[in-house]
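Taken in order, the sequence shown gives residues 1 to 384; the numbers are from full-length UniProt numbering.
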Amino acid sequence: MATSSASADKNSFGLRRVTEGSRSDAEICLGLTESVGWHYTIDTWRQWVHHGCFLFSTTPEGQDSEDGKDGSDSTSSEKVVGISCTFPQGALATVGATITLPEYRGKGLATKLIRGLFDFARSQPTASGQPIRSLVLNGTESGRPVYRRLGFKEYGWILTVKGSPAPVADLATPESHLSSSPSLKLHMGGESLSNDVWEQFIQLEDEATELDRRSVCEMSVLSADQTSSQTSKTLLPGSRHAYIVDESTSRMTAFASTRKMRSQWIIAPIVASSPDQAVALLSALLTEVHANIQKAVSSGDTKVTLAQFDVDEAVDPQGTLQKYAENQWGLKVHRDLQLMEYLLDDAEREAGGAVGPAELFNRRLEKGEKKGPLQYAIADLSVM
1 MATSSASADK NSFGLRRVTE GSRSDAEICL GLTESVGWHY TIDTWRQWVH
51 HGCFLFSTTP EGQDSEDGKD GSDSTSSEKV VGISCTFPQG ALATVGATIT
101 LPEYRGKGLA TKLIRGLFDF ARSQPTASGQ PIRSLVLNGT ESGRPVYRRL
151 GFKEYGWILT VKGSPAPVAD LATPESHLSS SPSLKLHMGG ESLSNDVWEQ
201 FIQLEDEATE LDRRSVCEMS VLSADQTSSQ TSKTLLPGSR HAYIVDESTS
251 RMTAFASTRK MRSQWIIAPI VASSPDQAVA LLSALLTEVH ANIQKAVSSG
301 DTKVTLAQFD VDEAVDPQGT LQKYAENQWG LKVHRDLQLM EYLLDDAERE
351 AGGAVGPAEL FNRRLEKGEK KGPLQYAIAD LSVM
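As structure tokens, then:
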């Protein structure tokens, strides 16, 4: 049996595909991310490996294989040295973390992993029976050249809004942002919400994105350990949520949640029927986050003092949320993640001029043609 070696070439490494992964698969991912300084929880990884497709790059002892749903095909001798993942959601799938251990970098493993995701996506029909048309990711400045060489095309920007929340002295209440619509009522909650609220949220997400968002939302928002209750859902540990109901129709019009991830509070998603409603939800959750940070700091815990949300620039061209976060809370806006899309049909991509579903949707956003609710802050593994 060959011994593992960082000097082996990329063709010596196996790829193991995992769908509906096990806790041991989640532990592998957790270990890899911790090795590169990304601090996630096992609960988060359990959700992600259950809902996505993961490719594990293994040392020469591991063999190319496809799993039998529980990840049990791993060999006792293999060493996982890289991962990549994708999350189908209708006409497209997003690409999440692609990581290789430092000592195995520069060998083409990341490229091999991404190409493996292409093969997986081409083989997967959507719920409607139609093929997945494209893969979408957020490219950093250092990563974009690699993705361009693979065939990804830029089409938009993600704005990252983050910092330590410091509210102005005369901060308006969250409810004040809804004063022009007396029938709208803001509700707050913690780690549990009713099935009815959850289903209305999923409907809002689907309408806002025109995708099938259920699996991605379960992965991003819910705890891996759901109870047998038929009346409620359990969110990720420590989560808080807020939603708005139009009391004239008894229908939800906006939803948002926040949770601790790594060294900060992530506010995502924010899906709302108007910018004012999005600001009301952001105000409510930043107020909660600020109170939690102050409480922790007063007891000597300074590990988590930041808040962050990410927004597609095309969704809010006037910058309503960003300006509110900057002017009222002291957060800063960073424009360094570029949206990129890869068309899976070779002929369509190579012909040039073809527009994928994600780029087409963004064009409609920019022109103001998308009506109804919008996803103001992203809950997705393309941002990690």
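Note that beta-carbon positions come from the ideal geometry of N, C-alpha and C, so glycine has one too.
Alpha carbon to alpha carbon, how far is residue j from residue i? Give it in angstroms, no decimals.
i: Phe152; j: Tyr342; result: 4 Å
i: Trp38; j: Glu369; result: 38 Å
i: Arg133; j: Leu344; result: 6 Å
i: Val271; j: Thr59; result: 42 Å
i: Arg349; j: Ser250; result: 45 Å
i: Thr173; j: Val245; result: 17 Å
i: Ser74; j: Leu236; result: The predicted position of Ser74 is uncertain, since its pLDDT is 45 and thus under 50; no value can be drawn from it.
i: Ser115; j: Trp45; result: A small correction: the amino acid at residue 115 is Arg; Ser does not occupy that position in the sequence shown. Using only the alpha carbons, I get a separation of about 23 Å.
i: Ile158; j: Thr320; result: 15 Å
i: Glu191; j: His241; result: 8 Å
i: Phe309; j: Asp316; result: 13 Å
i: Thr19; j: Ser180; result: 47 Å
i: Arg105; j: Gln294; result: 40 Å
i: Val161; j: Gln264; result: 12 Å
i: Ala14; j: Leu113; result: A small correction: the amino acid at residue 14 is Gly; Ala does not occupy that position in the sequence shown. Between Gly14 and Leu113, the C-alpha separation is close to 10 Å.
i: Cys85; j: His50; result: 11 Å
i: Lys371; j: Gln277; result: 15 Å
i: Glu210; j: Phe54; result: 25 Å
i: Gln200; j: Leu193; result: 11 Å
i: Val279; j: Ala354; result: 36 Å
i: Asp170; j: Glu359; result: 40 Å
i: Arg122; j: Ala26; result: 25 Å
i: Leu282; j: Arg259; result: 13 Å
i: Val95; j: Thr111; result: 13 Å
i: Cys29; j: Leu178; result: 42 Å
i: Gly143; j: Ser299; result: 40 Å
i: Gln124; j: His290; result: 43 Å
Which of the three DSSP states, helix, strand or coil, is assigned to residue i?
i: Phe54; result: strand
i: Lys370; result: coil
i: Gly139; result: strand
i: Gly31; result: helix
i: Ala379; result: coil
i: Gln294; result: helix
i: Thr19; result: strand
i: Val279; result: helix
i: Pro165; result: coil
i: Gln230; result: coil
i: Trp265; result: strand
i: Trp38; result: coil
i: Phe255; result: strand
Excluding the 5 residues preceding and the 5 following residue i in the sequence, name in chain order all residues of the same chain whose CB lies nearer than 6 Å to its CB.
i: Asn292; result: none
i: Ala91; result: Arg133, Pro357
i: Leu286; result: Pro165, Trp329
i: Arg262; result: His39
i: Arg214; result: Ile202
i: Glu175; result: Leu186
i: residue 446; result: The structure shown does not extend to residue 446, since the chain is modelled only from 1 through 384, so no value can be given for it.
i: Ser232; result: Ser192, Ser194
Ignore the nearest five residues each way along the sequence and tell me which others in residue i's own chain have a CB closer than 7 Å to its CB.
i: Glu141; result: Asp336
i: Gly21; result: Val49, His50, Phe54, Gly71
Might you give, ordered along the chain, the residues of its own chain that have their beta carbon closer than 8 Å to the beta carbon of residue i, omitting 5 neighbours on each side?
i: Pro373; result: Leu204, Glu207, Ala208, Thr253, Ala254, Val271, Ala272, Ser273
i: Asn362; result: Tyr155, Gly156, Asp312, Ala314, Leu339
i: Met188; result: Arg240, His241, Ala242, Ala284, Glu288
i: Ser223; result: Asp43, Gln47, Glu191, Thr234, Leu235, Leu236, Pro237
Are there 16 or more other CB atoms within 10 angstroms of the CB of residue i, so buried, or fewer, so exposed?
i: Asp301; result: exposed
i: Ala284; result: buried
i: Leu109; result: buried
i: Asn195; result: exposed
i: Glu34; result: exposed
i: His334; result: exposed
i: Pro102; result: exposed
i: Ile42; result: exposed
i: Gln318; result: exposed
i: Val36; result: exposed
From the beta carbon of residue i, is the nearest beta carbon of chain C less than 8 Å away?
i: Ala291; result: Judged by its chain identifiers, the structure shown contains no chain C, having just a single protein chain.
Original post:
Does the stretch 179–186 come within contact of the stretch 221–239, defined as at least 3 CB pairs closer than 8 Å?
Top reply: no
Original post:
Would you say the stretch 318–327 touches the stretch 156–172, given that touching needs at least three Cβ pairs under 8 Å?
Top reply: yes
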